[in-house]
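So the structure is just underneath, and the comments pick up after that.
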Amino acid sequence: MAFTLTSPAFQNGQPIPDRHARRRDNLSPFLEWSDPPPGTQSDVLVMEDTDAPSRASRHWVVYDIGGDRRHLAEGRSSKARTEDLPHGVNDFGNLHYDGPDQHPDGKPHTYRFRLAALGIANLPIGPEPDALVVWQAARENMLGEAELIGTYG
Numbered sequence: 662m663a664f665t666l667t668s669p670a671f672q673n674g675q676p677i678p679d680r681h682a683r684r685r686d687n688l689s690p691f692l693e694w695s696d697p698p699p700g701t702q703s704d705v706l707v708m709e710d711t712d713a714p715s716r717a718s719r720h721w722v723v724y725d726i727g728g729d730r731r732h733l734a735e736g737r738s739s740k741a742r743t744e745d746l747p748h749g750v751n752d753f754g755n756l757h758y759d760g761p762d763q764h765p766d767g768k769p770h771t772y773r774f775r776l777a778a779l780g781i782a783n784l785p786i787g788p789e790p791d792a793l794v795v796w797q798a799a800r801e802n803m804l805g806e807a808e809l810i811g812t813y814g
């Protein structure tokens, strides 16, 4: 079986519902995954806008997700609900989910949710790291990766 990341809120490659948008309810979507690689001790999740003008814009980063966990509930990483999972600082300067947004160019943007399965329980990083630091540390310990693509705009 393949390591997969899915959401009941939207299918891979399809539009992300408005309730998950930054200027709407800004609720992180329900995400679930299956068949992580053997030896997975933790996971890292990053959401990024791959169509941002200069580089991928990171909207959400969660790390040290227990290796036995298989989902994040809707709204789980929204502003007031981040207590039991460590979050990295996103490109908006926040330690929580910031959903997709309308863009001045008026074109839909592509959002990639990347889930990395790691062979260690905790990333060796300091408190409140930015998304890039988290992802670089994850890559050094990665056993496998699953992704889910959504669009918005």
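By the count of the numbering used here, the sequence shown reaches residue 814 at its end, each step adding exactly one. Positions of the beta carbon are idealized from the N, C-alpha and C atoms, including for glycine. Since we're looking at a predicted model, the values are computed, not measured.
Review point. For PHE774, which residues does DSSP report across the bridge?
Key: As a working mapping, residue 774 is identified with position 113 in the sequence shown. DSSP, once it has assigned bridges, lists MET708, LEU809 as partnering PHE774.
**Study point:** Which listed residue (TYR813, PRO669, PRO785, GLU808) has its alpha carbon closest to that of ALA663
**Key:** By one-based count along the sequence shown, residue 663 stands at place 2. Cα-wise, what sits closest to ALA663 is GLU808.
Practice item. Assuming GLY727 contacts SER695 (C-beta within less than 8 Å), just tell me the rounded distance between them. Key: The count along the sequence shown starts at 1 and reaches residue 727 at position 66. The count along the sequence shown starts at 1 and reaches residue 695 at position 34. The Cβ separation is near 15 Å, so there is no contact.
Review point. When the Cα of THR701 is compared with those of ASP725, LEU692, PRO690, which residue comes out closest?
Key: Taking the sequence shown and counting its residues from 1, the one referred to as residue 701 is at position 40. Looking at the Cα atoms, ASP725 is the closest of the given residues.
Review point. Taking C-alpha atoms, which residue in THR665, ASN687, ASP712 lies nearest to THR812?
Key: The residue given as residue 812 occupies position 151 in the sequence shown. It is ASP712 whose Cα lies nearest to the Cα of THR812.
Check your understanding: How far does the alpha helix (DSSP H) with ARG800 in it reach, from first residue to last?
Key -> Indexing the sequence shown from 1 puts residue 800 at position 139. Where ARG800 is concerned, the enclosing alpha helix (DSSP H) stretches over 792-800.
Point to revise | Own chain residues within Cβ distance below 7 Å of THR667, not counting five before or after | key: Numbered from its first residue, the sequence shown carries residue 667 at position 6. Counting only Cβ-Cβ distances below 7 Å, and skipping sequence neighbours, we find GLU693, LEU809.
Practice item. Measure the C-alpha to C-alpha separation of ILE786 and VAL794 and round it to an integer number of angstroms. Key: For this step, residue 786 is matched to residue 125 along the sequence shown. For this step, residue 794 is matched to residue 133 along the sequence shown. Taking the straight line joining both Cα atoms gives about 8 Å.
Point to revise | Option nearest LEU733 by Cα separation, candidates SER689, ARG800, LEU804 | key: Position 72 of the sequence shown, counting from 1, holds the residue named residue 733. For LEU733, the nearest C-alpha among the options comes from SER689.
Exercise for review: Excluding the 5 residues preceding and the 5 following ALA782 in the sequence, name in chain order all residues of the same chain whose CB lies nearer than 6 Å to its CB.
Suggested key: Locating residue 782 in the sequence shown gives position 121, counting from the first residue. Same-chain partners within the cutoff: GLN702, SER703.
Review point. Once you ignore the five residues that flank PRO697 on each side, which residues in its own chain have a CB closer than 6 Å to its CB?
Key: Taking the first residue of the sequence shown as 1, we reach residue 697 at position 36. By the criterion of a C-beta distance shorter than 6 Å, PRO697 is surrounded in its chain by PHE664, ALA778, once the five residues flanking it on both sides are discounted.
Practice item. Would you mind giving the Cβ-Cβ distance between GLU735 and ARG719, rounded to the nearest angstrom? I have them listed as a contact below 8 Å. Key: What you label residue 735 is simply residue 74 of the sequence shown in a count that begins at 1. What you label residue 719 is simply residue 58 of the sequence shown in a count that begins at 1. About 20 Å separates the two Cβ atoms, so there is no contact after all.
Review point. What are the residues that DSSP puts in a beta bridge with SER695?
Key: Taking the sequence shown and counting its residues from 1, the one referred to as residue 695 is at position 34. Looking at the DSSP output, SER695 sits in a beta bridge with THR665.
Check your understanding: Can you tell me whether DSSP reads ARG685 as helix, strand or coil?
Key -> As a working note, residue 685 is residue 24 in the sequence shown. ARG685 falls in the coil class under three-state DSSP.
Review point. If you count every other CB in all the chains shown that lies within 10 Å of the CB of GLY754, and 16 or more means buried, which is it?
Key: Taking the first residue of the sequence shown as position 1, residue 754 is located at position 93. GLY754 comes out exposed.
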